[in-house]
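>
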Amino acid sequence: MKPLNCLIVDDSSVMRKMVRRTMELSEVPLGQVHEAGNGREALDVLATTTVDVLFTDINMPVMTGPELLRALSDNPTAVRARVVISTDGSEARRAEVVGLNVDWYLEKPLRPEVMRDVLSKVAERIHG
Amino acid sequence: MSCPKSLNASMVEESGQLDEAVAFVAEEGFFASVEPVGQVEWEELCSDHDTWLESSVRFHGPLGGALRCRLPLALARELVSAFLGMETGELPPSDPLVQDLTGELANMVCGRWLTRTQGEVFDLEHPVVATAPDGQCPGWSRYAANGVPLAIELAVEAR
Chain A
1039 MKPLNCLIVD DSSVMRKMVR RTMELSEVPL GQVHEAGNGR EALDVLATTT
1089 VDVLFTDINM PVMTGPELLR ALSDNPTAVR ARVVISTDGS EARRAEVVGL
1139 NVDWYLEKPL RPEVMRDVLS KVAERIHG
Chain B
165 MSCPKSLNAS MVEESGQLDE AVAFVAEEGF FASVEPVGQV EWEELCSDHD
215 TWLESSVRFH GPLGGALRCR LPLALARELV SAFLGMETGE LPPSDPLVQD
265 LTGELANMVC GRWLTRTQGE VFDLEHPVVA TAPDGQCPGW SRYAANGVPL
315 AIELAVEAR
């Protein structure tokens, strides 16, 4: 199976490390794992590379998660799967990202088995 | 650090939800066991610690307010290690990571509480973290997290 290239977008460095750790625990082969502190930095990363899966927080300075996802709607090939990870699991917040091609909406704190499930499904989708 | 008004009557009814939010985040995020404690036990738990941190996150939306967490530095370090799955014998987590985690703790508890009690969209400000003088925080909800003191205050502006 081809390794998945990933991008983690969160303004909290400890949260990015935690997401990376749960990814490593998933046993799904990983390629390059990029990190960005907000949506603008994520767009900078995506200007030079494509990733298989994007994990983004919602509430970030400079550029929020929904703003990032909206910006990516013009470039559907830049990211093959989009995952929101947020402390806010309300239906109202989830409704805000409807129409932004979000594949999964996960709540913090993130359980390793949830990450394994998501990455496995992304890998299946991409590699069959 | 200024803070909004204390819990109003309708919010007091929801304080059980705060206990649930604290326990959920501690258990799911940090594999930590959390139990509410009374004054006597709290004083005993605090006596072992002289360096404290406090994080605060403000929220805005259909109601506004702030959630604050106060905990010993030792607990914050322990939570970082659990959160990141650090092995025994690894170097202790850096101060920036400890500060970041302390802020995220408030962020996650606040987010969980808002999600479960309000169900509407709120904006949470970036958490603010600072040192605190001690564990004296009258009126806060008090817990033992893995046997270490953890205090939480939820304050909302009148609806």
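Residue numbers (our numbering), protein chains in the order written: chain A, 1039 to 1166; chain B, 165 to 323.
Just so it is clear, CB atoms sit at the ideal spot from N, CA and C, and this is done for glycine as well.
Quick caveat: nothing in here was measured; it's all calculated off a predicted structure.
1) Please return the same chain residues whose Cβ sits closer than 7 angstroms to the Cβ of B:G275, not counting the five positions on each side in sequence.
2) Does B:G228 come within less than 8 angstroms of chain A when only Cβ atoms are used?
3) So, helix, strand or coil for A:H1072, using DSSP?
4) In the DSSP output, what is B:G229 paired with across the bridge?
5) Which partner residues of B:A308 appear in the DSSP bridge assignment?
6) If you measure from the beta carbon of B:F195 to each beta carbon in chain A, is any gap under 8 angstroms?
7) Give me the Cα-Cα distance between A:M1056 and A:G1077, rounded to the nearest whole angstrom.
8) How is A:N1043 classed by DSSP in three states: helix, strand or coil?
9) Tell me the DSSP secondary structure of A:S1124 in three-state form.
10) Using a Cβ-Cβ distance under 8 angstroms, would B:T215 count as near chain A?
11) Exposed or buried, which one is B:A294 when buried takes at least 16 other CB atoms within 10 Å?
12) Of the residues B:A240, B:A246 and B:Q181, which one's Cα is nearest the Cα of B:L314?
13) Of all the CB atoms in chain A, is at least one closer than 8 angstroms to the CB of B:V198?
Working from what's here:
1) L288
2) no
3) strand
4) B:F223 and B:V320
5) B:E199 and B:P313
6) no
7) 19 angstroms
8) strand
9) strand
10) no
11) exposed
12) B:A240
13) no
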